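**Student:** There's a structure below that I have some questions on.
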Amino acid sequence: MTVEKKLFHVIDDHLLHEKHPSAYLNEISVLPEFEKYPFNMLLDLKKTEQDPFHHPEGDVWNHTMLVIDEAAKRKMESVNPKVFMWAALLHDIGKPAATKLRRGKLTAYDHDKIGEKLSKKFLLAVDAPETFTEQVSALARFHMHILFVIKNMPYSDIKGLKNRTDLHEVALLGLCDRLGRTNSNLQKEEENIDLFLSKLTNKERI
């Protein structure tokens, strides 16, 4: 087994069994192994700043660590905790490539689409199963759709969302994504999730 595969399996174990998997991820992120492909894609998250208004927690790495800890609290609500936790870790892997300064503001347009491709590359590099890879990358692709749907934005692909994902998995990941910020409001975010689901399924709760 290669070093990369071993590290993947160790991370997998921590994601599935730790209450705060961010502690281990922060610990190993300074090791030489993390500088090698594909883990360097995660390391790039540390170099990617975000708009402080929306993300006062700082760079994409800090945000992702908060997200995986939120996801760890809720993983047993998922139909597939392994897919769910890896989607939480990789959901913003497209931001380093997408982030640009536009009119004085940091934006990351299409990071979800880029993230779908990069999450596939990441998982293929560690020989993850094809079905698992497709499920994780689909959640990365559609994790922004909660915002698109509740705000009636033109960027949504409802057909793709329904065909390729479980809406409740997207909702659960989206909740963790929104709570992975230092200025999050639980009640507001739960209401947004309810609205997302009610628009698409006429169900109220995840």
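Here my numbering runs 134 ahead of the position in the sequence shown, where the first position is 1.
Quick reminder that beta carbons are idealized off the backbone N, C-alpha and C, glycines included.
Given the structure is predicted, the values throughout are model-derived calculations rather than measurements.
Leaving out five residues before and five after Leu224 in sequence, what residues of the same chain have Cβ atoms less than 6 Å from its Cβ?
**Tutor:** The residues are Ser253 and Ala274.
**Student:** Quick one: any contact between the stretch 270-285 and the stretch 303-316, if contact means 3 or more CB pairs under 8 Å?
**Tutor:** A contact exists between the stretch 270-285 and the stretch 303-316.
**Student:** In the DSSP output, which residue or residues are listed as bridge partners for Thr241?
**Tutor:** Bridge partners of Thr241: Lys234.
**Student:** If we ignore side chains and look at the alpha-carbon of each, how far apart do Glu169 and Leu177 end up?
**Tutor:** Going by the C-alpha atoms only, they are around 7 Å apart.
**Student:** Can you check the stretch 185-232 for any alpha helix (DSSP H) of at least 4 residues that lies completely inside it and give the ranges in chain order?
**Tutor:** 194-208, 215-224 and 229-232, all fully within the stretch 185-232.
**Student:** Counting C-beta neighbours from all protein chains within 10 Å, is the total for Thr267 16 or more, i.e. buried, or is it exposed?
**Tutor:** Buried, by the Cβ-count rule.
**Student:** For Glu250, tell me which candidate among Asn160, His154, Ala206 and Ser271 has the shortest Cα-Cα distance.
**Tutor:** Nearest C-alpha to Glu250: Ser271.
**Student:** Which one of Arg237, Asn196 and Leu301 has the shortest CA to CA distance from Leu334?
**Tutor:** With distances taken between Cα atoms, Leu334 lies closest to Leu301.
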